[in-house]
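Some notes on the structure that comes next.
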Ligand code: RP5
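In the numbering used here, the protein residues as written are 10 to 201.
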């Protein structure tokens, strides 16, 4: 599908709004992944998730939603995210890090939690807070920081790919390129 085909039938106002929101615009202009975070300070980490989504041409939205500073925003988001057509939510938070668990309590969509590397405890606080959900409300927890955000993007892609053949193929290609990028022999050894 060419970019021109992708825009076909889409209103200009929708295209503009998608571009402003840094979403990859699709013909339906449907956002598939929500990437939310507790604070602006989480963005440098969460950007690794959106980089993957952009690379795989998966539509997403990004929002700052703090469980403790903007509880109403969190409540509204969690209650409406599924009916808006999103398929999965990636939630990054640091410290007490209750955002992923609270969003998971408000929706039955899969929620992927990214523990932000906090300054005081290097993200161990975030990790334990997100991963230790009591039975009944699951949060798929990734590793701390950049790797966790990147893998959250890839895991979200796997979920979206279940119902989208184009994305499934792009994900396979991404994996293949990663495999091909790994040398047989360490370069350091060859340069000795
Ligand atoms: C959490 O508190 C956020 O997810 C962030 O990781 C942490 C610190 O937030 P700021 O004080 O930097 O805004 O809610």
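Where is the CB? At the ideal position from N, CA and C, for every residue including glycine. Model, not experiment: these values are computed from the prediction.
Nearest by alpha-carbon distance to residue i: which of the options is it?
i	options	result
residue 178	67, 55, 76	67
residue 71	173, 144, 55	55
residue 142	106, 166, 174	106
residue 6	110, 172, 48, 92	Coverage of the chain is limited to positions 10 through 201, which leaves residue 6 absent and any answer about it impossible.
residue 136	190, 116, 103, 117	103
residue 65	195, 51, 170	170
residue 131	117, 83, 188, 154	154
residue 157	189, 53, 176	53
residue 73	175, 45, 40	45
Quick check: is the beta carbon of residue i nearer than 8 Å to any beta carbon in chain C?
i	result
residue 64	Absence of chain C from the displayed structure is noted, only one protein chain being present.
Mind checking who residue i pairs with in its DSSP beta bridge?
i	result
residue 198	According to DSSP, residue 198 bridges with nothing at all.
residue 65	For residue 65, which the question treats as bridged, DSSP gives no partner whatsoever.
residue 71	44
residue 149	121
Report whether the distance from the Cβ of residue i to the nearest heavy atom of the ligand RP5 is below 7 Å.
i	result
residue 111	no
residue 103	yes
residue 94	no
residue 60	no
residue 168	no
residue 67	no
residue 152	no
residue 125	yes
residue 46	yes
residue 50	yes
Residue i and residue j: beta carbons closer than 8 Å?
i	j	result
residue 119	residue 149	yes
residue 99	residue 166	no
residue 90	residue 69	no
residue 7	residue 121	Since the displayed the chain opens at 10 and closes at 201, residue 7 lies outside it and no answer follows.
residue 159	residue 115	no
residue 113	residue 146	yes
Run the proximity test for residue i: is its beta-carbon closer than 7 Å to any non-hydrogen atom belonging to the ligand GTP?
i	result
residue 134	In terms of ligand content, the structure shown lacks the ligand GTP and carries the ligand RP5 instead.
Runs of beta strand (DSSP E) lying entirely within the segment 63-130, each at least 3 residues, in chain order: 69-73, 97-102, 120-124
Alpha helix (DSSP H) runs wholly inside the segment 160-193, at least 4 long, in chain order: 174-189
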